[in-house]
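Going line by line, the protein sequences match chains B and S. In terms of the numbering used here, the first sequence opens at residue 1 and continues consecutively. In terms of the numbering used here, the second sequence opens at residue 510 and continues consecutively. No residue lacks a Cβ here, since even glycine has one placed at the ideal position from N, Cα and C. Contents: one structure, followed by commentary.
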Amino acid sequence: MSHVLPPAEGINLPGLLLVFAVLLPILGLIAMLGLRALHPERVARVVAPLGLLLACAILAEVWEGRSAIDYTLGGWAPPLGLKLRADGVSAVMLVLAALVIGAAALFSQHQFRTPPDAPGDTRAPFAFWSMLMAMWSALNLVFVGEDLFNFFVALELLTFSAVTLVCLDGRATTLHAALRYLLFALLGSVLYLLGVGLIYGRYGVLDLALLSELAQPGPITLAAVAMMTVGLMAKASLFPLHLWLPPAHAGAPPAASAVLSALVVKAPFFLILRLWFELLPAPYSPLAGQLLAALGAAAILMCSVVALGQSRLKLMIAYSTVAQIGYLFLVFTLTAGPAPFAGLGWTGGVLQLLSHALAKASMFLAAGLIAEDMGHDRIADFSGLARRQPLAIFAFGLAGLSLMGLPPSGGFVAKLMLLSAAAASGQWWIAAVILAGGVLAAGYVFRVIGAAMKDRDGEAAQPAATLPATGRHALVLALALLALALGFVPLQPLALFAIGRGELAQGQP
Amino acid sequence: MSAAGLLLAAAPTFPLLLGASALWRGARAHLLRVLPVAPLPALAAALLAPGGSLVLAPDPLRLTLALDLPGALLLGGAGMLWSLAGLYAARYMAGARHRTSFTLWWLFTMAGTLGLFVVADLASFYLAFSLASLAAYGLVAQERNPEAERAARVYMVLALLGEAFLLMGFVLMAVGVADGNPMIAQALERLPASPWREAILALLILGFGLKMGLVPLHVWMPLAHPVAPMPASAVLSGIIVKAGIIGLIRFLPFEAGAEGWGTALVVLGLFTAYYAVAVGLAQRHPKVVLAYSTVSQMGVIAAVLGAGLAAGDPRTRTLAAYYALHHMLVKGALFLGTGLSAGQRNGWKRVVMAVLAFALAGLPLTSGMLAKYVVKDVFAPGPALWLVTLSAAGSAALMLHFLHRLAHAAEAKRAGPVLLASWLGVGAASLVAAWALFPVVTNTSAATLFSPATVWKASWPILIGVLLVLPPLRLADRVPHIPPGDVIVWAERLLPRLRRLAEDVERLDAFLRRWPVAALLLVLLMLLLGAALQLSA
């Protein structure tokens, strides 16, 4: 093993990186709380690049060592103590979180600036920045955690910070949306916690690594997994449990919507993946996998059609999120076989998660720029927009490529892999749904671009001035380009996503 | 990296780079004027680089360029037409609104089509195909009036459907192969042994046939051509539809042959050829008539490809490309000329237009006669050969109708020397290219073409066609008027039903998002999932 950092005497340096990944945003939060003179947006400006650096260091470490990083907190091994662990997918998720949160932080520097003189209202900026930090820490904890109860704590922190961000502007509609979100997420939490209780009662441990050796396919274990999965599905907003997502994601400030759609709904999905591939004794029932995939397929078809009919841009993007989450759940029938992590289904699923996160973040931020300029987000009244905001519309279109699954984009490669996996296993209905989903996505993306390319009535003679491009435009474009760059991943199972799952992955370095 | 390889890479990337330069305000203003220059690397590559190849990205991406003879024929023709049509567009669109967006769509479509002729691996092919398809949307939608919007919508829906068919076909070709992105040639070698051979061929023919405009997937063409600006129509009809042809040339297994699919393609192609003539005769707008003529000609090429596939004749690739090259330049010239000679009852422009029009029917000494002469080699003697020969009569009738409608159209604005030069340039290119390339393609001297028997063979179908339209038969006047796009009008009647379906889905979604329903579903799903998990235990 060749690690980047040499293991110092008695100290597990790479492992400490994981601790810092969780702690750093908390330190930022403490700094915001303690030193009000330091404006929170400035603290975020320091913490965001540091966090990205940390996440990249972890990724480099995992990649160089070709193995997962472990850290045992306080030297107390499970079942007594807690363990943190980052395998290939976790490390990639850490980088993704740092990228999207960093982009959201840069984007919001102006919108949530603390007013220069003290009497101004500092509550909204302070709430935004502190909740962003709390959310980041919770996300990282989900990605590197190993303990089922620890996950619960992280999920609660995630939900509460997300709910606060949804109702930041304090209008009645967003409060209503936030309350809906909170209550439904709590229902999900209850189910998850019940499942954790059952598992603890049965095995007496909560550490996933230990559980994967202990777990038996008995009725209690399976019932517990069913409860936890459905609880997490509610939090991930898998169709038909998506009642809270459209109003919540459409009502939040643009940067918050970006983080919510890109990351917050992915965390529960990530946990479902871990439950199914680590806790559930392999191989799990194909019927159960097909049930999840069928829900995913229904999400893709129904919510894409609903997105087509939306008259407001942000609601359309939110429905598109529900549809795109459906693709993730197809993975559960596409990873059959002796080496699930060495197959195209697994790589395709993770890539879909990554490319949707980047593309959707870019889209929501672009929608923010558009709404700021137009003062509304009614698609029918977008005429003249392409001339005023060419860069925002261009970025929206590029991000749209990824959602439609057209080359060159991460979404294309992901869908190609999912399609290949579906064809190789003879599941033609999944292939048909993926293709239809792409056509529907093209429909809703082009609807926006078509509306933006129209001319404003009566202004034909004097074209609307093109607004100057700002750093925020560059940011939106950069996110969309990152989603495109994922399209240059080779069409093969990626070794990176199988790191740390080595026992099962065969034939990969 | 060889010089030939560099030229191949420059063919698609130069227009892309020009497009990217629009990010700078200074470059944006001059972009329209450099359109004629953008395809020059492609033209140079077609002349200098056949046989060259270049690996753009090594394993495992394996993005590869290569230029064979069919690719070079189409690349050269497309480079020529893009360049001269670009010259036309630079003058025609100067002062037009939205000329910057027009320029960008033009450059991206160009990059896609030129890339299509030089790529050698599956992923790059799909990339170039998608780029060409999607960017052409902007050319169709250019005028931004309701007709253009309708045409662009129909075009987009069909293009996306085609993309979906192709994607599935490509996935099936690559499934189970260790190298994620095979070369087209490798995929083709494995095709006969694939368990999904029939499905793959069906998907490919659907996807590429849609781009070529085989009936009933031709409906976008008669809608798109009349609403696009003149030079855009020229490249849509001349070049974009060839994306389907290069696809069939590249992906049909001519070595192994496939009798059933070959015959099906012949039948589909011949039906398209005659159907489009019949509907085209019922049209009033000269550009719509030309659009139907393109559909008909694509039908002929499909029949050629089908005959070659049935016979397992690999020469078909080059011969079909030669025919496509002829159609590309002649149809391009006809569209450019339509903008210059409409409404004129006599004069030299009308004569040139007549020569170009009858070239499509195989007028002796024109590129049409050469192309038709060459492709008949693929057919075995039989009814298919007869029908292909006789289709020239249909073309002649349709073209006479076109000339008639052209003379009665609203008079064209006075043409400047630049517009005239680019039009005549494309027309002359069709002649020069056809004669110069005839020995290359057939390995025989062009002298054989002057024998009276050959000339008579090319002439009699034209005479029949002319007789059909002239008095006393006056076929064109007897056909009832059919709206452009024919079957699309029925398909559009289904739209309200689709809209109602979408509303039902929205109502269902609203129902599912009610609290009691969602809570109930939560419990129900938990029970279902628990039961499903237990089943295997």
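- Taken through DSSP and simplified to helix, strand or coil, Tyr-882 (chain S) comes out as helix.
- Listed along the chain, the chain B residues whose CB falls inside 9 Å of the CB of Pro-524 (chain S) amount to none; the nearest CB is some 16 Å away.
- Distance from Leu-84 (chain B) to Gly-28 (chain B) at the Cβ level is roughly 19 Å; contact not present, criterion being Cβ atoms closer than 8 Å.
- In the three-state scheme derived from DSSP, where H, G and I count as helix and E and B as strand, Leu-435 (chain B) is classed as helix.
- Listed in chain order, the alpha helix (DSSP H) elements of length 4 or more contained wholly in the region 256–301 of chain B are 266–274, 286–298.
- Within the same chain, and ignoring the five residues on either side of Ser-130 (chain B) in sequence, the residues whose Cβ sits closer than 8 Å to its Cβ are Leu-29, Met-32, Leu-33, Pro-40.
- Partner residues in the beta bridge of Leu-84 (chain B), as assigned by DSSP, are B:Tyr-71.
- Chain-order list of chain B residues neighbouring Glu-1015 (chain S): Val-306, Gly-309, by C-beta distance under 7 Å.
- Shown here, Arg-501 (chain B) sits in coil according to DSSP, grouped into three states, outside any helix or strand.
- Leu-52 (chain B) and Ala-97 (chain B) have their C-alpha atoms some 8 Å from each other.
- The alpha carbon of Ala-252 (chain B) has as its nearest neighbour, out of B:Val-47, B:Leu-13, B:Met-404, B:Ala-178, the alpha carbon of B:Ala-178.
- Secondary-structure assignment with DSSP links Leu-777 (chain S) through no beta bridge to anything.
- Within chain S, the C-beta atoms nearer than 7 Å to that of Ala-423 (chain B) come from Val-680, Leu-681, Val-684, in chain order.
- Counting only runs of at least 4 residues, the region 38–70 of chain B fully encloses the following alpha helix (DSSP H) elements, listed from N- to C-terminal order: 40–65.
- Residue range 572–575 is occupied by the beta strand (DSSP E) that includes Thr-573 (chain S).
- Residue state for Val-448 (chain B) is assigned as helix, using DSSP reduced to three classes.
- Put simply, the region 198–213 of chain B does not touch the region 167–182 of chain B. Fewer than three CB pairs are less than 8 Å apart.
- Within the region 528–598 of chain S, complete alpha helix (DSSP H) segments of at least 4 residues are found at 534–539, 549–557, given in chain order.
- Take the alpha-carbon of Ala-162 (chain B) and the one of Leu-1031 (chain S): they are about 21 Å apart.
- The contact set of Leu-1044 (chain S) on chain B, defined by CB atoms closer than 7 Å, consists of Ser-285, Leu-287 in chain order.
- Among the residues facing chain B, Ser-639 (chain S) is included, as its CB has a counterpart in that chain under 8 Å away.
- Under the three-state reduction of DSSP output, Val-628 (chain S) falls in the strand class.
- From the beta-carbon of Tyr-635 (chain S), the residues of chain B found nearer than 8 Å are Pro-407.
- Of all residues in the region 475–496 of chain B, only Phe-488, Pro-490, Leu-491, Gln-492 place a beta-carbon less than 8 Å from a beta-carbon of chain S.
- Not flagged as an interface residue toward chain B: Gly-821 (chain S), since no C-beta distance is shorter than 8 Å.
- A direct Cα-to-Cα measurement between Thr-173 (chain B) and Arg-378 (chain B) gives close to 17 Å.
- One Cα belongs to Ser-137 (chain B), the other to Ala-48 (chain B), and the distance between them is close to 12 Å.
- Exclusion of the five residues before and after Leu-977 (chain S) leaves Ala-906, Leu-984 as the residues of its chain whose Cβ lies within less than 6 Å of its Cβ.
- Look at the beta carbons and you see the region 692–708 of chain S not touching the region 774–792 of chain S: under three pairs across the two are nearer than 8 Å.
- For Ala-1041 (chain S), the chain B residues whose C-beta falls within less than 7 Å of its own C-beta are Ser-285, Leu-287, Ala-288, Leu-291, listed in chain order.
- Taking a beta-carbon distance threshold of 8 Å, Ala-442 (chain B) counts as an interface residue toward chain S.
- Assigned with DSSP and collapsed to three states, Met-133 (chain B) falls in helix.
- Looking at S:Ala-566, S:Ala-938, S:Val-935, S:Arg-826, the one whose alpha-carbon comes closest to that of Pro-762 (chain S) is S:Arg-826.
- By the 16-neighbour rule on beta-carbons within 10 angstroms, Leu-334 (chain B) is buried.
- The C-beta separation of Tyr-192 (chain B) from Gly-231 (chain B) comes to about 4 Å, placing the pair in contact by the 8 Å criterion.
- DSSP lists S:Asp-630 as the beta-bridge partner residues of Met-692 (chain S).
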